[in-house]
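These notes are about the structure you will find just below.
There are 2 protein chains.
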Amino acid sequence: MATNGKARKPPAKKADPGKADSRGEILRAAAELFMQFGYAATSIDAVAESLGATKGHIYHYYGSKADLFFDIQTAAMQRLLEGVEPLAMGKQPALERLAAMALRHTEILLTDLPMQKVAVQGLERHLFAGVAALRQLRAVLKLRDDYEQLFAEVIDQAIRDGVVVDLPPKLLTKPFFGAMNWATVWYSQRRLQSPQAVEEIARVLAGCAVRGLLVDPAAPAVRRLSLFSEHA
Amino acid sequence: MATNGKARKPPAKKADPGKADSRGEILRAAAELFMQFGYAATSIDAVAESLGATKGHIYHYYGSKADLFFDIQTAAMQRLLEGVEPLAMGKQPALERLAAMALRHTEILLTDLPMQKVAVQGLERHLFAGVAALRQLRAVLKLRDDYEQLFAEVIDQAIRDGVVVDLPPKLLTKPFFGAMNWATVWYSQRRLQSPQAVEEIARVLAGCAVRGLLVDPAAPAVRRLSLFSEHA
Chain V
1 MATNGKARKP PAKKADPGKA DSRGEILRAA AELFMQFGYA ATSIDAVAES LGATKGHIYH
61 YYGSKADLFF DIQTAAMQRL LEGVEPLAMG KQPALERLAA MALRHTEILL TDLPMQKVAV
121 QGLERHLFAG VAALRQLRAV LKLRDDYEQL FAEVIDQAIR DGVVVDLPPK LLTKPFFGAM
181 NWATVWYSQR RLQSPQAVEE IARVLAGCAV RGLLVDPAAP AVRRLSLFSE HA
Chain D
1 MATNGKARKP PAKKADPGKA DSRGEILRAA AELFMQFGYA ATSIDAVAES LGATKGHIYH
61 YYGSKADLFF DIQTAAMQRL LEGVEPLAMG KQPALERLAA MALRHTEILL TDLPMQKVAV
121 QGLERHLFAG VAALRQLRAV LKLRDDYEQL FAEVIDQAIR DGVVVDLPPK LLTKPFFGAM
181 NWATVWYSQR RLQSPQAVEE IARVLAGCAV RGLLVDPAAP AVRRLSLFSE HA
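Chain order of the listed sequences is V and D.
When the letters of the first sequence are read in order and numbered with the UniProt record's numbering, they come out as residues 1 to 232.
When the letters of the second sequence are read in order and numbered with the UniProt record's numbering, they come out as residues 1 to 232.
Next up, the structure:
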């Protein structure tokens with residue numbers, strides 16, 4: 001299915017002032033189609049059509065459908081990493097950092113939905129025929145691992161602080177991310193909600209994710225978290 | 001893609017002693033393929049091939065790919081409903097029922113993975129061309145709504161009991177199911193884990209799901225829950 005044999009065009013062929021925008025537009029349009037129809041059933045033609053562009057326009061940026069697919073994942077994971085990494089590195093207690101990370105993660109999910117769907121739901125359901133994609137696949141999996149590791153480390157610290165239940169941090173990241181990432185299955189941006197309503201949903205999801213890990217959510221340190229200030 | 005125009009064969013044409021098994025086998029094989037390749041990219045031929053059967057064998061049971069897809073969802077949702085409904089109807093306090101329901105739900109997910117994947121991840125990503133599928137679609141969505149409603153009602157009762165945070169029960173079901181259902185994205189049955197290991201994962205996921213809703217997981221009523229007896 002992947003057309004990796006195709007010669008990749010150099011990225012800077014035309015002086016196109018709207019290039020960054022074009023690339024972002026292609027990624028978003030392709031993400032919508034991949035999520036709606038699946039990888040196999042989505043063609044470069046369909047991506048071009050949904051943008052009112054030519055197939056050549058897409059191939060100007062991407063050598064193959066697989067390239068396009070991986071670039072969606074890379075861009076979406078990088079957006080998460082850039083948003084969350086500074087919060088992980090702060091000086092605050094682990095629990096405070098974890099709550100801030102969970103909220104930022106959920107806000108990005110809900111406001112960047114099609115791209116994030118592709119990124120967080122991963123590659124499992126999409127098959128890549130060629131070995132050519134293996135290098136890209138590893139790079140994306142590495143990004144995702146790094147991202148989960150950020151959380152696992154803060155969770156580990158919070159366990160040592162005695163506020164999170166004493167279970168393997170990697171295992172705890174599963175229901176933790178699940179409480180938030182499941183939104184990529186049930187949430188629909190088409191509902192056109194106000195930013196306040198989206199923010200409130202993000203707080204509920206991140207709140208349940210964090211509370212699910214806690215030994216005692218009624219503890220004073222937890223009650224002070226801004227994440228729970230409105231609904232604890 | 002759906003071949004609803006095809007004449008549906010009466011279900012009892014042959015006296016086939018292995019019929020119930022055959023139907024279950026077809027459902028499981030088709031579920032694996034739908035989840036791996038997506039609805040559009042999966043053909044009746046591929047389902048037959050993966051079973052070493054003929055296309056006619058599949059059409060003996062199912063008039064179309066859409067019928068087969070809906071029957072997977074129906075069978076999987078019914079399995080959940082049958083497992084969980086008796087627990088919802090018990091006389092125990094709401095929190096105790098909720099914990100038992102969460103654990104049963106997760107155990108079924110993890111042990112019946114391909115079928116449950118199709119059921120819990122829903123139809124959003126799969127397109128149905130024909131209007132013929134609308135009736136079936138509504139029936140499946142109704143089953144799923146009924147199932148979520150079972151949980152929403154027990155959550156509502158637990159809010160009135162003062163043990164679950166006071167937020168709309170329907171909204172709370174989202175991160176609650178997310179903590180558990182996300183396993184259909186990350187969990188792989190191919191790891192071949194022992195029943196004890198699977199049970200332990202189920203307890204961690206259900207535990208985080210329930211704890212995520214609680215006002216105070218350190219409360220005595222919570223500590224008495226068998227769900228938390230091993231790792232609270």
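Ideal Cβ positions, reconstructed from N, Cα and C, are used throughout, including at glycine.
As the structure is a computational prediction, the values presented were derived from the model and not from experiment.
### Same chain, Cβ closer than 6 Å to residue 107 (chain V), five either side skipped, listed in chain order
202
### Query
Could you give the residue range of the alpha helix (DSSP H) that holds residue 111 (chain V)?
94 to 111
### Task
Provide the residue span of the alpha helix (DSSP H) that contains residue 74 (chain V), from first to last.
In this chain, the alpha helix (DSSP H) harbouring residue 74 (chain V) covers 65 to 88.
### Query
When DSSP labels each residue in this structure, what does residue 47 (chain D) get in the three-state scheme?
helix
### Query
In angstroms, rounded to a whole number, what distance separates the CA positions of residue 113 (chain D) and residue 209 (chain V)?
23 Å
### Query
Counting only beta-carbon atoms, is residue 149 (chain D) nearer than 8 Å to chain V?
no
### Query
According to the Cβ coordinates, are residue 136 (chain D) and residue 70 (chain D) closer than 8 Å?
Using a Cβ distance threshold of 8 Å, residue 136 (chain D) and residue 70 (chain D) count as a contacting pair.
### Message
Relative to the C-alpha of residue 77 (chain V), which candidate in V:186, V:150 and V:188 has its C-alpha closest?
### Response
V:150
### Query
Would you call residue 82 (chain D) buried or exposed, if buried means 16 or more other Cβ atoms sit within 10 Å of its Cβ?
exposed
### Query
Just curious, the alpha helix (DSSP H) that residue 175 (chain V) is in, first and last residue?
169 to 181
### Task
Return the CA-CA distance between residue 197 (chain D) and residue 204 (chain D), expressed in angstroms with no decimal places.
11 Å
#### Entry: Endpoints, the alpha helix (DSSP H) within which residue 206 (chain V) is located
That run of the alpha helix (DSSP H) goes 195 to 211.
### Task
Indicate whether at least one CB of chain V lies closer than 8 Å to the CB of residue 232 (chain D).
Caution is warranted here: a pLDDT of 39 is assigned to residue 232 (chain D), below 50, making its placement in the model unreliable, and the coordinate value is therefore given only provisionally. A Cβ of chain V is located within less than 8 Å of the beta carbon of residue 232 (chain D).
#### Entry: Opposing strand residues paired with residue 214 (chain V) [DSSP bridges]
V:164
### Query
In the segment 159 to 181 of chain V, which residues sit with their C-beta less than 8 Å from some C-beta in chain D, listed in chain order?
Under the 8 Å Cβ criterion, the segment 159 to 181 of chain V contributes 165, 166, 167, 171, 172, 174, 175, 176, 177, 178, 179, 180 and 181.
### Query
Using the C-alpha atoms, what's the distance from residue 143 (chain D) back to residue 9 (chain V)?
Any reading at residue 9 (chain V) needs caution, since the residue's pLDDT is 43, under 50, leaving its predicted position unreliable; the model's value is listed next. Cα-Cα distance, rounded: 50 Å.
### Message
Run through chain V and tell me which residues come within less than 9 Å of residue 69 (chain D), C-beta to C-beta.
### Response
The premise fails here: residue 69 (chain D) is roughly 13 Å from chain V at the closest Cβ pair, so nothing lies under 9 Å.
### Query
Can the beta-carbon of residue 207 (chain D) be found less than 8 Å from the beta-carbon of residue 176 (chain D)?
no
### Query
Any C-beta of chain V sitting closer than 8 Å to the C-beta of residue 196 (chain D)?
no
### Query
Under 7 Å Cβ-Cβ, which residues of chain D neighbour residue 209 (chain V)?
Correct list: 175 and 212.
### Query
Using a Cβ-Cβ cut-off of 6 Å (strictly less than) and excluding sequence neighbours within five positions of residue 99 (chain V), which residues of its own chain qualify?
210, 225 and 227
### Message
Suppose you measure from the CA of residue 66 (chain V) to the CA of residue 162 (chain D); what does that come to, to the nearest Å?
### Response
51 Å
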